[in-house]
Each structure stands twice: as structure tokens, then as C-alpha cells.
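Asks: Under our numbering, think of the first position of the sequence shown as 320, with each following residue one higher.
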Amino acid sequence: MTSLLLWKEQLKTFYNRFSYVIQPLIRFCFALCMFLSLNANIGYMAKLKNPLVILLVCLISALLPYGAIVFLAGCLMMAHIYAVSLEMALIALVLILLVSILYYGFKPGDSVLMVLTPLAFLFHIPYVVPLLVGLGGSLASAIPVGCGVFMYYLLMYVKQNAGVLTTEASVDIVQRYSQILKSVLFNQTMLVMVAACGAGVIIVYLIRRLSMDYSWMVAIVAGSVAELLVIFVGYVVFGVSVEIVPLILGMIASAAIAAVYNFFIFSVDYTRTEYVQFEDDDYYYYVKAVPKMTVSTPDVKVQKISTRKRITRERNVY
320 MTSLLLWKEQ LKTFYNRFSY VIQPLIRFCF ALCMFLSLNA NIGYMAKLKN
370 PLVILLVCLI SALLPYGAIV FLAGCLMMAH IYAVSLEMAL IALVLILLVS
420 ILYYGFKPGD SVLMVLTPLA FLFHIPYVVP LLVGLGGSLA SAIPVGCGVF
470 MYYLLMYVKQ NAGVLTTEAS VDIVQRYSQI LKSVLFNQTM LVMVAACGAG
520 VIIVYLIRRL SMDYSWMVAI VAGSVAELLV IFVGYVVFGV SVEIVPLILG
570 MIASAAIAAV YNFFIFSVDY TRTEYVQFED DDYYYYVKAV PKMTVSTPDV
620 KVQKISTRKR ITRERNVY
């Protein structure tokens, strides 16, 4: 354990020293994963799939804040959808504007979650985002997570129905729009996943704020179980198709990632817990103090011995 804590402190020192380089590099990698995922799933506009275009956009994104990167990703997504169908692009634009109004009205500042959630779905670990948000965010952060779930299923609808959307259907235009809206907004799998992610954020957030020992680890387990229960209820009540093995593996991987996050952000030593009681004119205070697990990095000093001086000294002696 001491070696892990020492490694953690060394990483923190390294990050603090070179943060001016690491932060743009992280934004570059984040943008690269995002744009490659977009091109791999709905890359219907060939010009945007050019490697030079992707590299240029990622280099620009490395200099931008995360909110601007998310806006840029939305523009690229709309361009790909427009290449499939004008009707679908108009509907997607209206829905994205509604989602943006909902997001900026309740929880501005977590726009990165609207992109991280679809990315987590593509990497088959969507359950990790509610766990991390519950540990490090607030209850209102469930809104951008739910919006991210909606964005993922919107992309999947375009991907799975690209052939139908491209062809000129003979149905009435009103019926065509209503059919698309019904398929996008009333997708039962999407609604179940929104509920599961919301339940995970709420359960983890409420439990990790308790004063009991190991509250963060208990919150991770409870949040994972809550997500599983909601998905199971959706499977029983709504008949949502669930693949058991990927679900279990994804949940285990998500809990492991959340445990690593817990180690780096909230590692405390409950064996040295202290309870303090004091008072003022109006109140009695009962305080539980839990020290953080820290270890000082060894200060290694290397002393160089010059062989030339040693030989000269020996010659003077003789």
C-alpha cells in the first residue's frame, strides 16, 4: 500500500510540474477519441473523415475549453446526419437545442458529460459514468448524463436506419417526421438506461456523503446494484433486451474504474479516525475527523565523486 501511495504522490507531483503540457494533451486525446468514434459510427460525410481534417480539428480542440470541444462535436455530428437525411438533421437539430436548453438551464459546467457518456457506451462501460459523477459531482449532474444517453441512442438510430432515411419514401412528410420522433423519443431501451444512470448518480451521491466508514466504496457497490436493478426491472416490465455477460463484465469494469478513482481522490485512513466535541454559545458540535492517507516522497540526493580529484590528491600525498 505504501508503494501505491508513493506512486500516487509522484504522479501528482509530475502533473503539477507539467500540467501546462498534460492538459492540452488530454484535450487532444479526448477530441481524437470523440471524432474517431463519430466517424466510425455515423461517418457519412466523406470530407470529415480525412485524416488531415481530423488532425487539424484535434489540434484546435487542444487549445479550447471542453465546452467548445463539445460544441464542435455537435457541429460535426449534425454534418454527418445531414449527409444522411435532411429531415433527420432538422429533427436532430431541434432535439439537440431542447437538450441544450435543459442542460444549460439546470447544470451548466458539466458539458463534457454529454460526450463522455456516449463514449462510455461505445466502449461498453456506460455504467462507469454515473458512478464517477456520483462520487465527484452533484445531483444535478444526472441531467447532462441523461442527455448523453439520449445523444448516444440518437446516433444509434441514425446508424441503424441510415438506409431507410436516405431513400426517398413515398409516405407523407408529416407521417415521416412523426415516425422518426416516435422512434427516437420513445425508445424503451433508452428510457430504461436514462433511469438506470439517474438512479446510479443519486444513490452514489447520497451514500458517499454519509459519515460512515468506507462510504465511498459502499456507494460504488450500492450504485452498481441500483443500476443492475433498474435494468432488470426494464427487462421484466418493458421487455428490454439485455445481454447478461456483457452487462456483468461492463458493471465489474465500471466498479473497478470507480475504485481507482476513489483511490486517487478520496483515500483516507479510517484506523486513525478521531472524534472531536466542542461548543459555543448556541451549539454543541460533534466532529468526525478522518485523516488522509499520505506519504512523503523520499528526497534522494546523489553525491558525485570525481575520480580525477581523487587521483590528484593521491599523487600529492606520495
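Built from N, CA and C at the ideal position, the CB exists for glycine as well.
#1: Report buried or exposed for residue 558, applying the criterion of at least 16 other Cβ atoms within 10 angstroms of its Cβ.
#2: Excluding sequence positions up to five away, which residues of its chain have a Cβ less than 7 Å from the Cβ of residue 591?
#3: Applying the 10 Å Cβ sphere with the 16-neighbour rule, what's the burial state of residue 348?
#4: Name the two residues that bound the continuous alpha helix (DSSP H) containing residue 331.
#5: Do residue 446 and residue 353 have their beta-carbon atoms positioned less than 7 Å apart in this structure?
#6: Report buried or exposed for residue 530, applying the criterion of at least 16 other Cβ atoms within 10 angstroms of its Cβ.
#7: Under 8 Å, with one C-beta from each stretch per pair, do the region 577 to 595 and the region 458 to 469 reach the 3-pair mark?
#8: Report the residue ranges of all alpha helix (DSSP H) runs contained in full by the region 520 to 571; include only those spanning at least 4 residues, in chain order.
#9: What's the call for residue 432, buried or exposed, on a 16-neighbour Cβ count within 10 Å?
#10: Touch check for the region 475 to 483 and the region 354 to 374: three-plus C-beta pairs under 8 Å?
#11: Express the C-alpha separation of residue 535 and residue 452 in angstroms, rounding to a whole number.
#12: Could you pull the start and end residues of the beta strand (DSSP E) that residue 381 belongs to?
#13: Quick check on this structure: which residue in 335, 442 and 602 has the alpha carbon closest to the alpha carbon of residue 355?
#14: To the nearest whole angstrom, what separates the beta carbons of residue 572 and residue 444, a pair I think is in contact under 8 Å?
#15: Give the secondary structure of residue 597 by DSSP, where H, G and I count as helix, E and B as strand, and everything else as coil.
#16: Are residue 476 and residue 493 closer than 7 Å when you measure CB to CB?
#17: Is the region 504 to 518 close to the region 543 to 558, with three or more CB pairs under 8 Å?
#18: Using the three-state DSSP reduction, which class does residue 513 fall into: helix, strand or coil?
#19: What are the boundary residues of the beta strand (DSSP E) that residue 606 is part of?
#20: Less than 8 Å between the CB atoms is what I'm expecting for residue 389 and residue 418, so what's the real figure, rounded?
#21: Count the other CB atoms, across all protein chains shown, that sit within 10 Å of the CB of residue 346; report buried if there are 16 or more and exposed otherwise.
#22: Flag this pair as yes or no: are the beta carbons of residue 386 and residue 430 separated by less than 7 Å?
#23: For residue 397, collect the residues of the same chain with a Cβ closer than 7 Å to its Cβ; drop the 5 residues on either side in sequence, then sort them by chain order.
#24: Taking 6 Å as the limit between beta carbons, can you name the residues of its chain near residue 511, skipping five residues before and five after?
Replies: Let me lay it out:
#1: What you label residue 558 is simply residue 239 of the sequence shown in a count that begins at 1. Counting Cβ neighbours within 10 Å, residue 558 comes out exposed, since fewer than 16 surround it.
#2: By 1-based counting over the sequence shown, the position of residue 591 is 272. Here the set comprises 610.
#3: Taking the sequence shown and counting its residues from 1, one reaches residue 348 at position 29. Flag for residue 348 reads exposed.
#4: Residue 331 sits at position 12 when you count from the first residue of the sequence shown. That run of the alpha helix (DSSP H) goes 321 to 336.
#5: Walking along the sequence shown from the start, residue 353 turns up at place 34. Walking along the sequence shown from the start, residue 446 turns up at place 127. Judged by beta-carbon spacing, residue 446 lies beyond the 7 Å limit of residue 353, meaning their Cβ atoms are not closer than that value.
#6: For the purposes of this step, residue 530 is identified with residue 211 of the sequence shown, where counting begins at 1. Looking at its Cβ environment, which holds fewer than 16 other Cβ atoms inside 10 Å, residue 530 is exposed.
#7: In short, these stretches do not touch, since the Cβ pair count stays below three.
#8: The qualifying runs are 534 to 556.
#9: Taking the first residue of the sequence shown as 1, we reach residue 432 at position 113. So residue 432 ends up on the buried side.
#10: In short, these stretches touch, since the Cβ pair count reaches three.
#11: Taking the first residue of the sequence shown as 1, we reach residue 452 at position 133. Taking the first residue of the sequence shown as 1, we reach residue 535 at position 216. Looking at the backbone, the Cα of residue 452 and that of residue 535 are separated by about 12 Å.
#12: Taking the first residue of the sequence shown as position 1, residue 381 is located at position 62. Under the DSSP assignment, residue 381 falls outside any beta strand (DSSP E); it carries neither an H nor an E label.
#13: Position 36 of the sequence shown, counted from the start, is the residue given in the question as residue 355. Residue 355 has its Cα closest to that of 442, out of 335, 442 and 602.
#14: The count along the sequence shown starts at 1 and reaches residue 572 at position 253. The count along the sequence shown starts at 1 and reaches residue 444 at position 125. Yes, they are in contact, since the Cβ atoms of residue 572 and residue 444 sit about 5 Å apart, within 8 Å.
#15: As a working mapping, residue 597 is identified with position 278 in the sequence shown. Look at residue 597 here: in three-state DSSP terms it is strand.
#16: Walking along the sequence shown from the start, residue 476 turns up at place 157. Walking along the sequence shown from the start, residue 493 turns up at place 174. Remark: C-beta atoms of residue 476 and residue 493 do not approach each other more closely than 7 Å.
#17: The way I'd put it, the region 504 to 518 does touch the region 543 to 558; three or more beta-carbon pairs between them come closer than 8 Å.
#18: For this step, residue 513 is matched to residue 194 along the sequence shown. Helix.
#19: Translated into the one-based positions of the sequence shown, residue 606 becomes position 287. Under the DSSP assignment, residue 606 falls in the beta strand (DSSP E) whose first and last residues are 603 to 608.
#20: Translated into the one-based positions of the sequence shown, residue 389 becomes position 70. Translated into the one-based positions of the sequence shown, residue 418 becomes position 99. The Cβ separation is near 11 Å, so there is no contact.
#21: Counting from 1 along the sequence shown, the entry for residue 346 is found at position 27. Buried, by the Cβ-count rule.
#22: As a first step, residue 386 must be located in the sequence shown, where it is residue number 67. As a first step, residue 430 must be located in the sequence shown, where it is residue number 111. Annotated as proximal: residue 386 and residue 430, with beta-carbon spacing under 7 Å.
#23: To locate residue 397, count along the sequence shown from 1; it is residue 78. Correct list, in chain order: 408, 411 and 412.
#24: Reading the sequence shown from its first residue, position 192 is the one you call residue 511. If we look at residue 511 and ignore the five residues flanking it on each side, its Cβ neighbours are 553 and 559.
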